[in-house]
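Student: One structure, pasted below without further comment.
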Amino acid sequence: MLTERHLEIFVALAEEEHFGTAAQRVGITQPPLSQGLRRLEALLGVRLFDRSRGVTLTDEGTLLLPHARRALAALTELREAGARERADGRRLRLGLAPEVPARVAAAVAAAPDRAGERTRLAVSTAPTATLLSETAAGRLDLAVIRHPAVLPGLASGGVALFPTWLLSPARTRAGAVGRGRRLPVAVRPREEAPAAYDLFVDTLASRGRRVETVVVPDERAGLALVAAGQAVLVTADVGLAADGVERAPATDPSLPLRLRVVWDARRPDAEATAHTARLLVDALARQAAR
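Taking my numbering, the leading residue of the sequence shown gets 16, the next gets one more, and so forth.
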């Protein structure tokens, strides 16, 4: 197998043109250096040096020397990158469901740093179903998902409940669900979080009312439909607003946003991940209590 030591012997011998000096430079004695050179030539299938005229490169050696130098430079760069990673702390890949309010997302993401953990954070947003599969596959370390959800062997923290508001067109002041003009409820696709979707719709229909829905890709699109007088929207985002849109607490019926932190406790670094997860769980609970 070709090793870094083989490359070091090749480059040192080419530049020093002397076995003893090259061996000293590499940090070995001359016999191991000669053995390493013979092994390298056998692996490459070419003669690198002409020993009949001192230590001079053959044509093949001259051709391969730049490749050896680049390979050594790449290995050095790889080690330096690894050292930077260690110095910068553990990398943490966090996934957030799109329903997580901005202030909550910020507080959760900042929790490790505030606790003194040295982490390099990478944050992504995806539907709950995707976050679960990505966490189970090891492509995410932690995720904040909508509850309820079927957890594929994942560990989870407690469920945090966040109040929500009903956004409705201002011109339909009796526009709350079940009163006055009945508008469809803007919802995200069911496949993004089936169990949470079903609980939401079932709660709306809990008093025997027929619930109509309109599917939107995100809450911005839902807000646009509300402003256009075509739907109502339930949101936990206190900053979501527009001209011509009224806001009222979603208490009839109560429709809290249920969130929880999930992670894979079966991973090799499960102890460190679980410690970080507890920080996120606590941050989520504090935000819910505000």
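Even for Gly, the Cβ is constructed at its ideal location relative to N, Cα and C.
Owing to the predicted nature of the structure, the values given are computational and were not obtained by experimental measurement.
1) Round the Cβ separation of Q245 and L182 to the nearest angstrom and send it over; I've been treating them as touching at under 8 Å.
2) For P312, which option in R293, A211, Y212, D156 has the closest C-alpha, if you only look at C-alpha atoms?
3) Sorted by chain position, which residues of the same chain lie with C-beta nearer than 8 Å to R66's C-beta, five sequence neighbours on each side aside?
4) Report the residue ranges of all beta strand (DSSP E) runs contained in full by the stretch 94-131; include only those spanning at least 3 residues, in chain order.
5) Can we say the stretch 111-121 touches the stretch 147-166, given the rule of at least three CB pairs closer than 8 Å?
6) Indicate whether the contact test is met: 3 or more Cβ pairs, each with one atom in the stretch 59-78 and one in the stretch 27-41, closer than 8 Å.
7) Taking the CB atoms as reference points, tell me whether R203 and V231 lie closer together than 9 Å.
8) Within 10 angstroms of its Cβ, does Q50 collect 16 or more other Cβ (buried), or is it exposed?
9) Jot down the residue ranges of each uninterrupted alpha helix (DSSP H) in the stretch 231-297, minimum 4 residues, whole runs only, in chain order.
10) Work out the CA separation of L59 and A137 for me, nearest whole Å.
11) What three-state label does DSSP hand A185 in the structure shown?
12) Using DSSP's beta-bridge definition, name the partner residues of V159.
13) Short of 8 Å in beta carbon distance, which residues of its chain neighbour E149, apart from the five on each side in sequence? Order them along the chain.
14) Classify S171 as helix, strand or coil using the three-state DSSP reduction.
15) So, for A242: in the same chain, excluding its five sequence neighbours on each side, which residues have a beta-carbon less than 6 Å away from its beta-carbon?
16) With the cut-off set at 9 Å, would you say A265 and P178 are in Cβ contact?
17) Just verifying my parser: in three-state terms, what is the DSSP assignment at T179?
18) List the endpoints of the continuous beta strand (DSSP E) containing T134.
19) Find the nearest neighbour of P127 within the set L295, G172, A170, judged by alpha-carbon distance.
20) Between A280 and A289, how many whole angstroms is the CB-CB distance? I'm expecting something under 8 Å.
21) Return the CA-CA distance between G35 and G97, expressed in angstroms with no decimal places.
22) Is V277 buried or exposed, if buried means 16 or more other CB atoms sit within 10 Å of its CB?
23) Could you give the DSSP three-state label for V61: helix, strand or coil?
24) Could you tell me the distance, in whole angstroms, from the CA atom of V249 to the CA atom of A170?
Tutor: Once the coordinates are examined:
1) Reading the sequence shown from its first residue, position 230 is the one you call residue 245. Reading the sequence shown from its first residue, position 167 is the one you call residue 182. Not confirmed; about 12 Å, so no contact.
2) Nothing in the structure corresponds to residue 312, since the chain is present only between 16 and 305.
3) For the purposes of this step, residue 66 is taken as residue 51 along the sequence shown, with counting starting at 1. Excluding the 5 residues flanking it on each side, R66 has no same chain C-beta neighbour closer than 8 Å.
4) Correct list: 105-111.
5) Short answer: they touch.
6) Touching, per the Cβ criterion.
7) Locating residue 203 in the sequence shown gives position 188, where the first residue counts as 1. Locating residue 231 in the sequence shown gives position 216, where the first residue counts as 1. Yes.
8) The sequence position of residue 50 within the sequence shown is 35, counting from 1. Q50 counts as exposed, since fewer than 16 other beta carbons sit within 10 angstroms of its beta carbon.
9) With a minimum length of 4 residues, the continuous alpha helix (DSSP H) runs that stay inside the stretch 231-297 are 234-242.
10) Within the sequence shown, residue 137 is the residue found at index 122, counting from 1. Within the sequence shown, residue 59 is the residue found at index 44, counting from 1. Spanning the two alpha carbons is a distance of roughly 42 Å.
11) As a first step, residue 185 is located in the sequence shown; it is residue number 170 there, counting from the start. Looking at A185 - three-state DSSP - the assignment turns out to be coil, as it is neither helix nor strand.
12) Position 144 of the sequence shown, counted from the start, is the residue given in the question as residue 159. In DSSP, V159 forms a bridge with L111, V276.
13) For this step, residue 149 is matched to residue 134 along the sequence shown. Taken in chain order, the residues that qualify are G110, A141, L155, A158.
14) Here residue 171 refers to the residue found at position 156 when the sequence shown is read from its first residue. Strand at S171.
15) Counting from 1 along the sequence shown, the entry for residue 242 is found at position 227. Exclusion of the five residues before and after A242 leaves A257, G259, V260 as the residues of its chain whose Cβ lies within less than 6 Å of its Cβ.
16) Translated into positions along the sequence shown, residue 265 becomes position 250. Translated into positions along the sequence shown, residue 178 becomes position 163. For A265 and P178, yes; Cβs fall inside 9 Å.
17) For the purposes of this step, residue 179 is identified with residue 164 of the sequence shown, where counting begins at 1. DSSP, read as helix, strand or coil, puts T179 in coil.
18) Mapped onto the sequence shown, residue 134 falls at position 119. T134 -> beta strand (DSSP E) spans 134-140.
19) Within the sequence shown, numbered from 1, the residue matching residue 127 stands at position 112. Ranking L295, G172, A170 by Cα distance to P127 puts L295 first.
20) As a position in the sequence shown, residue 280 is number 265, starting the count at 1. As a position in the sequence shown, residue 289 is number 274, starting the count at 1. Correct: roughly 6 Å between the Cβ atoms.
21) Here residue 35 is taken as the residue at index 20 of the sequence shown, counted from 1. Here residue 97 is taken as the residue at index 82 of the sequence shown, counted from 1. The alpha-carbon atoms of G35 and G97 are separated by roughly 33 Å.
22) By 1-based counting over the sequence shown, the position of residue 277 is 262. V277 is buried by the Cβ-count criterion.
23) If you number the sequence shown from 1, residue 61 lands on position 46. DSSP places V61 in coil when its eight states are reduced to three.
24) Position 234 of the sequence shown, counted from the start, is the residue given in the question as residue 249. Position 155 of the sequence shown, counted from the start, is the residue given in the question as residue 170. Cα to Cα, V249 sits roughly 29 Å from A170.
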